[in-house]
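So the structure is just underneath, and the comments pick up after that.
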Amino acid sequence: MSMIGLYVPGTSLPYRMGAGTKLLLLVVVVTTLLALRDPWVSLGTALVVPLLYLAFGLWSHLRHAFRPVLLFLVLVALFHLLFTGWEVAVRVCAQLAAAVLLAGLVTRTTPVTEMLDLFARLARPLRFVGVRPDRVALVLALTIRCIPMVATAWTTSREAYLARGLRGGPHRMVVPVIVNLIRSAEALGEAMSARGMD
Numbered sequence: 010m011s012m013i014g015l016y017v018p019g020t021s022l023p024y025r026m027g028a029g030t031k032l033l034l035l036v037v038v039v040t041t042l043l044a045l046r047d048p049w050v051s052l053g054t055a056l057v058v059p060l061l062y063l064a065f066g067l068w069s070h071l072r073h074a075f076r077p078v079l080l081f082l083v084l085v086a087l088f089h090l091l092f093t094g095w096e097v098a099v100r101v102c103a104q105l106a107a108a109v110l111l112a113g114l115v116t117r118t119t120p121v122t123e124m125l126d127l128f129a130r131l132a133r134p135l136r137f138v139g140v141r142p143d144r145v146a147l148v149l150a151l152t153i154r155c156i157p158m159v160a161t162a163w164t165t166s167r168e169a170y171l172a173r174g175l176r177g178g179p180h181r182m183v184v185p186v187i188v189n190l191i192r193s194a195e196a197l198g199e200a201m202s203a204r205g206m207d
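In this note's numbering, the protein residues as written are 10 to 207.
Written as structure tokens, this is what we have:
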């Protein structure tokens, strides 16, 4: 796994597709699901996407792609079951699950450098209004780096919490996670300053 992303080396079909093509397919599929507003189509798509992980040799990464949003999906499902009905709950949760898993598939089959090159090319027309494409790529690189950083900070804090024999809700780990993230951000800022980046 890359230090600044979730890329997993491989040779299956998605690895031979360009980053732009994969992002376009992701946008088309998610937009179609949102436009159709059919709970059964959304549910079917959400059930098919895990099979793509299996077909492309990424089955072991499915749990890591889905786990961060599991609690959120449960809360969304409960809300819609109470206030809008089961069909809406199925549709919304299936759409979210499909979108997250498809996005995870894209990030795991696309090198970070390829993704950043794509965004830098897309940002080139903005040079005429004073935007620097290389800075856009840098911001995106830092954003991508922060995703696994947050997950690592949460895991580290949770392990330390349990190792001390503490019990209670996950809200007790919020402060340690924030402290760890602030420290990481300070170290990253110092490293960028040392390299002459303003």
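Heads up, the beta-carbon is just placed ideally off N, CA and C, and yes, glycines get one too. Owing to the predicted nature of the structure, the values given are computational and were not obtained by experimental measurement.
Requested in this report: Return the Cβ separation of residue 59 and residue 45 in integer angstroms, given the expectation that the two are a contact with Cβ distance under 8 angstroms.
Outcome: As a first step, residue 59 is located in the sequence shown; it is residue number 50 there, counting from the start. As a first step, residue 45 is located in the sequence shown; it is residue number 36 there, counting from the start. With 8 angstroms as the limit, residue 59 and residue 45 do not qualify as a contact, their Cβ atoms being about 20 angstroms apart.
Query raised in the report: Is residue 26 helix, strand or coil when you go by DSSP?
Result: Taking the sequence shown and counting its residues from 1, one reaches residue 26 at position 17. Correct three-state label for residue 26: coil.
Query - residue 20 to residue 31 span [Cα, whole Å] - result: Start at 1 with the first residue of the sequence shown, and residue 20 comes out as number 11. Start at 1 with the first residue of the sequence shown, and residue 31 comes out as number 22. Those two C-alpha atoms are separated by around 15 angstroms.
Query raised in the report: Roughly how many whole angstroms lie between the Cα atoms of residue 79 and residue 137?
Result: Numbered from 1 along the sequence shown, position 70 holds the residue referred to as residue 79. Numbered from 1 along the sequence shown, position 128 holds the residue referred to as residue 137. Their Cα atoms are separated by approximately 43 angstroms.
**Report entry** residue 164 in three-state terms, based on DSSP
**Finding:** Working through the sequence shown from its first residue, we reach residue 164 at position 155. Here residue 164 sits in helix by DSSP.
Query raised in the report: How would you write the range of the alpha helix (DSSP H) that residue 100 sits in, first residue to last?
Result: Position 91 of the sequence shown, counted from the start, is the residue given in the question as residue 100. Residues 95-118.
Query raised in the report: DSSP state of residue 65, grouped into three classes?
Result: Indexing the sequence shown from 1 puts residue 65 at position 56. DSSP places residue 65 in coil when its eight states are reduced to three.
Query raised in the report: Among residues of its own chain, excluding the 5 on either side of residue 48, which ones have a beta-carbon nearer than 6 angstroms to its beta-carbon?
Result: Start at 1 with the first residue of the sequence shown, and residue 48 comes out as number 39. The residues are 96, 99, 100.
**Report entry** Nearest-angstrom Cα separation, counted from residue 121 out to residue 131
**Finding:** Start at 1 with the first residue of the sequence shown, and residue 131 comes out as number 122. Start at 1 with the first residue of the sequence shown, and residue 121 comes out as number 112. One C-alpha to the other measures close to 15 angstroms.
Report task. Quick one: residues in its chain with C-beta nearer than 6 angstroms to the C-beta of residue 142, no 5 flanking neighbours on either side, listed in chain order? Result -> As a position in the sequence shown, residue 142 is number 133, starting the count at 1. Counting only Cβ-Cβ distances below 6 angstroms, and skipping sequence neighbours, we find 129, 132, 133.
Query raised in the report: Between residue 90 and residue 76, what straight-line distance do the alpha-carbon atoms span, to the nearest angstrom?
Result: In the sequence shown, the residue the question calls residue 90 occupies position 81. In the sequence shown, the residue the question calls residue 76 occupies position 67. Spanning the two alpha carbons is a distance of roughly 22 angstroms.
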